[in-house]
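Undergrad:
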């Protein structure tokens, strides 16, 4: 009998982990991700999976004192979080994002922590411009962040989204900001 509830899968994996069947627990989490696919992605599953891998990292480092496998475990956890953040809508991934930030602060290097912070700021700017597409100050902040990353293609796409929002009125203050968007886009 199939139980299509995330909590059942998590409990099953935790049961296996508690009884020392670590590889079985890992397979259960992997099967759960495959079972639910992209149609029904739940942040609870990914948070539990990532915490499971994080716990395995801690056990590994306690047993071996020197932790050559620690980076591999950290990479596994990071991949789980990044995969989930790419596939789960941002408004449904608050807890996931919080746990990812905590993980990076505990185990990540400077670049990893900065990556999390930049991702969070991107999300905040994205929400601001979604809420009010004519908020050119938010667009400028968002675009500066995109430019600092150095990815020209995604920066160009963001500029194109920004300039698609033509001011509805003839007020000079709106058009001035809009024209500056165009100038910066042309200089890109």
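Residue numbers (the numbering used here): 1311 to 1498. Note that CB positions come from ideal geometry on N, CA and C, so glycine has one too. Computed from a predicted model, the values in this text were never measured in an experiment.
Suppose you measure from the CA of residue 1366 to the CA of residue 1460; what does that come to, to the nearest Å?
TA: Position 56 of the chain shown holds residue 1366. Position 150 of the chain shown holds residue 1460. Distance between the alpha carbons of residue 1366 and residue 1460: 35 Å.
Undergrad: Evaluate residue 1374 with the Cβ neighbour count: other Cβ atoms within 10 Å of its Cβ, from every protein chain shown; 16 or more gives buried, anything less gives exposed.
TA: Here residue 1374 corresponds to residue number 64 of the chain shown, with the count starting at 1. For residue 1374, the predicted structure reports a pLDDT of 47, less than 50, and the residue's modelled location is therefore unreliable. A value from the coordinates is still provided. With fewer than 16 other Cβ atoms within 10 Å, it is exposed.
Undergrad: Of all the options 1350, 1336 and 1329, which has the alpha carbon lying nearest to the alpha carbon of residue 1315?
TA: What you label residue 1315 is simply residue 5 of the chain shown in a count that begins at 1. For residue 1315, the nearest C-alpha among the options comes from 1350.
Undergrad: By how many angstroms is the C-alpha of residue 1445 removed from the C-alpha of residue 1479?
TA: Locating residue 1479 in the chain shown gives position 169, counting from the first residue. Locating residue 1445 in the chain shown gives position 135, counting from the first residue. Going from the Cα of residue 1479 to the Cα of residue 1445 covers about 14 Å.
Undergrad: Could you tell me whether the Cβ atoms of residue 1364 and residue 1386 are closer together than 7 Å?
TA: Position 54 of the chain shown, counting from 1, holds the residue named residue 1364. Position 76 of the chain shown, counting from 1, holds the residue named residue 1386. No, the pair does not count as a contact, with Cβ atoms beyond the cut-off.
Undergrad: On the DSSP letters alone, give me the boundaries of the alpha helix (DSSP H) that residue 1432 sits inside.
TA: By 1-based counting over the chain shown, the position of residue 1432 is 122. First-last of the alpha helix (DSSP H) with residue 1432: 1420-1441.
Undergrad: Within 10 angstroms of the Cβ of residue 1353, are there 16 or more other Cβ atoms? Answer buried if so, exposed if not.
TA: By one-based count along the chain shown, residue 1353 stands at place 43. Result: buried.
Undergrad: Helix, strand or coil, according to DSSP, for residue 1466 in the structure here?
TA: Against the chain shown, residue 1466 aligns to sequence position 156. Residue state for residue 1466 is assigned as helix, using DSSP reduced to three classes.
Undergrad: If I measure Cβ to Cβ from residue 1455 and keep anything under 8 Å in the same chain, skipping five residues before and after, which residues do I get?
TA: In the chain shown, the residue the question calls residue 1455 occupies position 145. The answer, listed in chain order, is 1428, 1431, 1432 and 1435.
Undergrad: Give the DSSP-derived three-state secondary structure of residue 1444 in the structure shown.
TA: As a position in the chain shown, residue 1444 is number 134, starting the count at 1. Three-state DSSP puts residue 1444 in coil, outside helix and strand.
Undergrad: On the CB-based measure, 16 or more other CB atoms within 10 Å of its CB, does residue 1337 come out buried or exposed?
TA: For the purposes of this step, residue 1337 is taken as residue 27 along the chain shown, with counting starting at 1. Burial call: exposed.
Undergrad: For residue 1463, which option in 1424, 1495, 1487 and 1484 has the closest C-alpha, if you only look at C-alpha atoms?
TA: In the chain shown, residue 1463 corresponds to position 153, counting from 1. If you compare the alpha carbons of 1424, 1495, 1487 and 1484 with that of residue 1463, the shortest gap goes to 1495.
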